[in-house]
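Residue numbers (the working numbering): 4 to 328.
Each residue gets a CB set at the ideal place from its N, CA and C atoms; glycine is no exception.
For reference, the structure is listed below as structure tokens.
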Amino acid sequence: MPRLALTPGEPAGIGPDICLMLAQMTLPAEVVLIASPELLQQRATQLGLPLELNEFDPNQSPQANGQGKLSIVPVPLIKSSIAGQLEAANSQYVLKTLDRAVELCLQGQLDAMVTGPVHKAIISQSGFSFSGHTEYLRDLVGVKDVLMTFYTPAFILGMATTHLPLSTVSNVLTQDRLNSALYLLHEGLDKFFAKKQPCIHVLGLNPHAGEEGTIGTEEVQMITPLIKRWQQKGFNVKGPLSADTAFVEKHRLHVDAILAMYHDQGLAPLKALYFGEIVNVTFGLPFLRTSVDHGTALPLAGTGLAEPESLLHAIQLAANQVGKS
Ligand SMILES: NC(=O)C1=CN([C@@H]2O[C@H](COP(=O)(O)OP(=O)(O)OC[C@H]3O[C@@H](n4cnc5c(N)ncnc54)[C@H](O)[C@@H]3O)[C@@H](O)[C@H]2O)C=CC1
Ligand SMILES: NCC(=O)COP(=O)(O)O
């Protein structure tokens, strides 16, 4: 049975709630929470859910969850947390849970890492510049580049750029970056999803994929020549496709992956189609990391109205892939 680190993310958000909901189910892994026991006990009481926390022991054989039972690596909160109310001081706690999870994965004590939602703004407001787990984990493990991807029931979505102001996307989108994204996409599709010869559609950046250079020049100058290079090497890479039709059924159901140029170009159609079923997967780390497809949903924290579906998919995907990576 695989052992997975699970970080609930922002303590004032729905992360703790959905972890506690999943603790009631039989899961395909030993899920080891990296979190504050005090926070979890408090939220379990608020939600009326049973909870039994047992300190994680790497020397014991993996323990099944269910009926409220969870293993835990305790990380203390900095300040008490109230559901729905952000507290900047607890950003240090959030980062500490990520650091511990990475440490345990790198040491081989845990097989993969699953993350709940964090609140990017409150972490940055606490004085630590933070744009997302993807970038934080890249820097923490010291790899040059990673790729943010999203698993859906139909295809994998890759992101050539991630959490950036839209005004900077065109500058960051160099041929090097795109080449690295295509490389990481091929590598991750092979390693985690056994896709040896994937069919990948690359989106254009501009409306109508630049309309032959009349609505923006990134396609003719950079994206098309790069795609041609990959095609000449024998890869099944097509594009640039106009992003406005790339997600219609007759296209999306016949590809292994789509590479989007920026965050909302890919995620807006993806969430409209599959919200709740999507799993965020980081390619390029030395271990597997999966995550939910939603944010902290602060107004739902502590109400029992948060849906744990995406977290369940993230755990199932990680448990299935461990051993293949
Ligand atoms: N994986 C992560 O760490 C992510 C973090 N975020 C962060 O979350 C914060 C809030 O972002 P928003 O744009 O408001 O997105 P959000 O996903 O928190 O909320 C968007 C809408 O979806 C609903 N929703 C989200 N998750 C739900 C769930 N599990 N069950 C039922 N309803 C759910 C919310 O109530 C809201 O109506 C931001 O700081 C953002 O950066 C956003 C996406 C992913
Ligand atoms: N929109 C995706 C998102 O915000 C999650 O990003 P990350 O925290 O997994 O890097």
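Within 10 angstroms of its Cβ, does residue i collect 16 or more other Cβ (buried), or is it exposed?
i    : result
S132 : exposed
T164 : buried
K123 : buried
H136 : buried
A263 : buried
M24  : buried
A104 : buried
G242 : buried
E55  : exposed
T29  : exposed
V205 : buried
Q110 : exposed
A321 : buried
G307 : exposed
P61  : exposed
R267 : What sits at residue 267 in the sequence shown is Asp, not Arg. D267 is exposed by the Cβ-count criterion.
A317 : buried
A67  : exposed
Just to check, is the beta-carbon of residue i closer than 7 Å to a non-hydrogen atom of ligand 2?
i    : result
G305 : no
H136 : yes
H266 : yes
S74  : no
M151 : yes
L270 : yes
Could you check the C-alpha separation between residue i and residue j for me, to the nearest Å?
i    : j    : result
T171 : V149 : 19 Å
Y265 : D296 : 16 Å
G350 : E106 : The question about residue 350 has no answer, for the chain in this structure spans 4 to 328.
A115 : G219 : 41 Å
V251 : I75  : 43 Å
L50  : E190 : 42 Å
P156 : L301 : 27 Å
G87  : L9   : 21 Å
A47  : A309 : 14 Å
D142 : R232 : 30 Å
F158 : L256 : 7 Å
A184 : M162 : 8 Å
P14  : V223 : 46 Å
A26  : L52  : 9 Å
M4   : G69  : 14 Å
D259 : Q319 : 20 Å
V80  : K199 : In the sequence as presented, Val is not what sits at residue 80; that position holds Leu. Straight-line Cα distance between these residues: approximately 44 Å.
F195 : L188 : 10 Å
Going by C-alpha to C-alpha distance, which of the options sits closest to residue i?
i    : options               : result
E221 : Q324, R6, L176        : L176
P228 : L187, S64, N182       : N182
P311 : L42, S294, E190, G191 : S294
V121 : N93, T48, G145        : N93
R180 : D60, G12, I226        : I226
F278 : G269, V117, F286      : G269
L160 : L167, M151, N239, G12 : M151
G119 : L7, Q235, H257, G237  : L7
G130 : E90, L101, L167, V117 : E90
N323 : L303, L291, T299      : L291
V78  : S64, I85, E58         : E58
Please determine whether the Cβ atom of residue i lies at a distance below 7 Å from any heavy atom of ligand 4.
i    : result
I281 : Of the ligands one can find in the structure shown, namely ligand 1 and ligand 2, none is ligand 4.
Is residue i near ligand 1, with its Cβ less than 7 Å from a heavy atom?
i    : result
G298 : yes
P120 : yes
S294 : yes
I318 : no
A321 : no
A26  : no
G87  : no
E214 : no
A91  : no
I226 : no
G12  : yes
Check your understanding: Would the stretch 245-255 and the stretch 204-213 be scored as touching if the rule is three or more Cβ pairs under 8 Å?
Key -> yes
Review point. At a cut of 8 Å, does the stretch 274-289 reach the stretch 84-101 through at least three beta carbon pairs?
Key: no
Check your understanding: Taking three-plus beta-carbon pairs below 8 Å as touching, is the stretch 312-327 in contact with the stretch 35-50?
Key -> no
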